[in-house]
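> Every letter in the sequence shown is one number past the one before it in the numbering used here, and letter 58, counting from 1, is 65. Yeah, the Cβ is synthetic: ideal placement off N, Cα and C, and Gly gets one too. These figures come from a predicted structure and were not determined experimentally. Here it is: the structure, laid out below.
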Amino acid sequence: MADGETALKFQLIIQDEAALDRDRALVAFLKARIAERAKAAEEEEERLLAGVNRSLLEFEEKFEHPHRGDDRHSFFAGQMQALGWSLRCTAFAAFSEHPDFRQDFRP
């Protein structure tokens with residue numbers, strides 16, 4: 008394998024690991040915010056939180072899947088990107104002023 012190909016593969020592995028670390032932190036952040044809000048939420052907000060939580064659980068299940076990084080152009084990868092993007096948008100819109108919000112959560 009040429010040095011350029013090796014360097015590119017290494018760079019992709021590093022980027023994937025950084026994204027996985029970000030995603031794990033995003034899941035923890037959103038779970039904590041949902042738990043905080045659930046204590047005082049009224050009916051409409053409870054439904055919203057339940058919907059976000061369902062997406063969050065699906066995302067968490069998928070990013071721990073053993074074939075997560077197999078094919079960057081697969082349907083599975085597309086689902087992961089869409090779920091991650093929507094959860095980062097939700098985190099940014101609802102909780103960007105929270106002190107635990109990380110800038111890499113920004114969509």
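Quick one: Cα of F105 to Cα of Q88, how far?
Here residue 105 refers to the residue found at position 98 when the sequence shown is read from its first residue. Here residue 88 refers to the residue found at position 81 when the sequence shown is read from its first residue. A small fix is needed here, since residue 105 is His in this sequence, not Phe. Between H105 and Q88, the C-alpha separation is close to 24 Å.
> Could you tell me how far apart the beta carbons of L37 and V59 are, in whole angstroms, since I believe they sit closer than 8 Å?
Translated into positions along the sequence shown, residue 37 becomes position 30. Translated into positions along the sequence shown, residue 59 becomes position 52. Right, their Cβ atoms sit about 7 Å apart.
> Beta carbon of F47, beta carbon of L56: below 8 Å?
Taking the sequence shown and counting its residues from 1, the one referred to as residue 47 is at position 40. Taking the sequence shown and counting its residues from 1, the one referred to as residue 56 is at position 49. First, the amino acid is wrong: residue 47 is Ala here, not Phe. Contact flag unset, no.
> Just the Cα atoms here: how many angstroms apart are R61 and D10?
Numbered from 1 along the sequence shown, position 54 holds the residue referred to as residue 61. Numbered from 1 along the sequence shown, position 3 holds the residue referred to as residue 10. Put simply, the backbone Cα of R61 is about 43 Å away from that of D10.
> Is the beta carbon of D30 closer than 8 Å to that of F83?
Looking up residue 83 in the sequence shown gives position 76. Looking up residue 30 in the sequence shown gives position 23. Not a contact, by the Cβ cut-off of 8 Å.
> Pull up the distance between the alpha-carbon of F102 and that of L63, whole angstroms please.
To locate residue 102, count along the sequence shown from 1; it is residue 95. To locate residue 63, count along the sequence shown from 1; it is residue 56. For F102 and L63, the distance between alpha carbons rounds to 15 Å.
> By how many angstroms is the C-alpha of L90 removed from the C-alpha of N43?
In the sequence shown, the residue the question calls residue 43 occupies position 36. In the sequence shown, the residue the question calls residue 90 occupies position 83. In the sequence on display, residue 43 carries Glu and not Asn. So the two alpha carbons sit approximately 22 Å from each other.
> In angstroms, rounded to a whole number, what distance separates the CA positions of L27 and E49?
Locating residue 27 in the sequence shown gives position 20, where the first residue counts as 1. Locating residue 49 in the sequence shown gives position 42, where the first residue counts as 1. Cα to Cα, the separation comes out at about 33 Å.
> Going by beta carbon distance, what residues of the same chain come within less than 7 Å of T97, once the five residues before and after it are set aside?
Reading the sequence shown from its first residue, position 90 is the one you call residue 97. Excluding sequence neighbours, T97 sits near V59.
> Answer with yes or no whether the minimum CB distance from F83 to chain C is below 8 Å.
The structure shown contains no chain C, having only a single protein chain.
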